[in-house]
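Inspection log for the structure reproduced underneath, given as structure tokens.
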Amino acid sequence: MEKKSQQSKRQSTNGITLVDIWSVQCGECFKWRLIPTEEEFEEIRSKFTKDPFVCSKKPGVSCDDPADIERDDTRTWVIHKPGIPKTPSGFKRRLVMRKDFSKMDCYYDAANGKRLRASTDVLKFLDKFPKFKNDVSLADFSFTGPKIM
Ligand SMILES: [Zn+2]
Numbered sequence: 014m015e016k017k018s019q020q021s022k023r024q025s026t027n028g029i030t031l032v033d034i035w036s037v038q039c040g041e042c043f044k045w046r047l048i049p050t051e052e053e054f055e056e057i058r059s060k061f062t063k064d065p066f067v068c069s070k071k072p073g074v075s076c077d078d079p080a081d082i083e084r085d086d087t088r089t090w091v092i093h094k095p096g097i098p099k100t101p102s103g104f105k106r107r108l109v110m111r112k113d114f115s116k117m118d119c120y121y122d123a124a125n126g127k128r129l130r131a132s133t134d135v136l137k138f139l140d141k142f143p144k145f146k147n148d149v150s151l152a153d154f155s156f157t158g159p160k161i162m
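In the working numbering, the protein residues as written are 14 to 162.
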């Protein structure tokens with residue numbers, strides 16, 4: 014069975030997609046565990062290939078406990094590729110669901126208000142604002158959006 018990290022999304026009426034839960038699947042028992050914050054989710058996702066998630070990484074939880082959540086039709090589920098780099102500090106990674114639910118677009122907002130939509134934008138950004146080169150490189154960005162289930 015393929016190990017996955019995943020988040021669930023719901024679409025609000027104005028078309029803006031809000032994440033309401035973050036969850037990851039245990040590599041041993043395959044139960045889904047809720048992750049409280051996006052930051053923790055990103056941390057797990059960035060290390061997922063080398064360091065798969067297991068239930069015991071959640072405090073007080075083991076594989077014997079029932080799953081935190083089951084996949085069902087009341088939510089739209091999207092699957093994140095494991096190994097996406099943790100969002101560099103000072104940047105915010107944004108995921109936006111297309112209106113037809115066909116895919117999610119991914120971009121980054123920098124602290125200075127610049128929006129990066131592709132690798133070429135990152136390179137231009139680093140050229141224009143060289144001070145960021147101390148902290149970030151192209152490898153810190155991934156524009157691969159999650160897959161819709
Ligand atoms: Zn488990």
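By construction, the Cβ of each residue, glycine as well, lies at the ideal position given by its N, Cα and C atoms.
Where the alpha helix (DSSP H) through residue i begins and ends
i, result
"residue 151", "Counting along the chain, residue 151 falls outside any alpha helix (DSSP H), and DSSP gives it neither H nor E."
"residue 60", "51-60"
Own chain residues within Cβ distance below 8 Å of residue i, not counting five before or after
i, result
"residue 26", "Caution is warranted here: a pLDDT of 41 is assigned to residue 26, below 50, making its placement in the model unreliable, and no coordinate value can be reported."
"residue 76", "39, 41, 42, 44, 67, 68 and 69"
Environment of residue i [buried if 16+ CB atoms lie within 10 Å]
i, result
"residue 95", "buried"
"residue 100", "buried"
"residue 126", "exposed"
"residue 104", "buried"
Option in the options with minimal Cα separation from residue i
i, options, result
"residue 161", "114, 100 and 34", "114"
"residue 119", "155, 147, 139 and 149", "155"
Where the beta strand (DSSP E) through residue i begins and ends
i, result
"residue 122", "117-123"
"residue 89", "89-93"
"residue 104", "104-110"
Residue i CB to nearest heavy atom of ligand 3 below 8 Å
i, result
"residue 115", "Of the ligands this structure carries, namely ligand 1, none is ligand 3."
Proximal residues to residue i (C-beta, below 7 Å), its chain only, five neighbours per side dropped
i, result
"residue 56", "99"
Query raised in the report: Using 8 Å as the threshold, is the stretch 71-86 in touch with the stretch 116-136, meaning 3 or more CB pairs across them?
Result: no
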